[in-house]
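S.K.: Starting off with a structure, shown below.
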Amino acid sequence: MKQLNKKIDFISVLLIIILIIVCYLYAQLKIFKKPYINCLGFTVFQVVTGSMTETIQINDIIIVKLTNDVHENDIITYKSDDNFVTHRVIKEDENQIITKGDANNTEDEPITKDDVVGKVIFIVPIAMIISILSMPEVIIAIIITIIAIYFLFIKKEDVKLRFKRGKND
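1 is the number of the first residue of the sequence shown in this note's numbering; add one for each residue after it.
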């Protein structure tokens with residue numbers, strides 16, 4: 001029983017920490033009116049167009065390291081008017097950066113290093129995850145796993161309690 005209380009305490013503390021972080025990030029966007037979050041030098045965006053379809057799919061989440069130190073062939077996110085664009089750097093000189101979406105036929109208008117938000121360091125393939133999770137065999141496997149975990153861990157504590165009560169009676 002003490003072990004179960006320790007697990008619950010740990011989970012409670014972890015959830016409180018996550019809640020505090022989420023509130024801080026929400027405050028950056030809504031209260032401080034920042035255009036994107038800054039969490040330890042990183043931010044996240046969801047891709048909404050197919051301009052990088054060969055590399056990044058629509059609805060994928062990208063993790064961007066906040067920096068303007070970018071080089072040719074890097075995938076970057078930059079601010080263009082009121083939008084954020086994620087494209088690959090195809091040319092770079094000391095004053096200008098030329099980008100292009102992998103699925104686009106034309107280059108973008110030149111930008112400066114001041115326009116750059118950062119460099120894409122990781123892509124979370126949401127489109128692929130959703131297609132995998134929607135397969136019937138995967139849904140069945142998830143349900144069976146949840147039931148097995150329930151019987152292995154939750155019911156185990158319940159059985160121990162009943163056994164102890166039965167011995168004492």
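Where is the CB? At the ideal position from N, CA and C, for every residue including glycine.
All of these numbers come straight from a predicted model, not from anything done at the bench.
Against chain B, does leucine 14 count as a neighbour if the rule is that its beta carbon must be under 8 Å from one of theirs?
M.R.: Within the model displayed, chain B is absent; a lone protein chain is all it includes.
S.K.: Where proline 136 and aspartate 115 are concerned, what is the direct C-alpha to C-alpha distance, given to the nearest angstrom?
M.R.: Looking at the two C-alpha atoms, the distance is approximately 45 Å.
S.K.: Are the Cβ atoms of isoleucine 132 and isoleucine 61 separated by less than 8 Å?
M.R.: No, the pair does not count as a contact, with Cβ atoms beyond the cut-off.
S.K.: DSSP on glutamate 137, reduced to helix/strand/coil?
M.R.: If DSSP states are grouped into helix, strand and coil, glutamate 137 belongs with the helices.
S.K.: Count the C-beta pairs between the region 53 to 72 and the region 105 to 125 that are closer than 8 Å, then say yes if the count reaches three, no if not.
M.R.: In short, these stretches touch, since the Cβ pair count reaches three.
S.K.: Isoleucine 98 lies in the beta strand (DSSP E); which residues open and close that run?
M.R.: 97 to 100 is the span of the beta strand (DSSP E), which, as asked, contains isoleucine 98.
S.K.: Measuring only from the beta carbon, is valine 13 closer than 7 Å to any heavy atom that is part of the ligand NAP?
M.R.: You won't find the ligand NAP in this model; it holds no ligand whatsoever.
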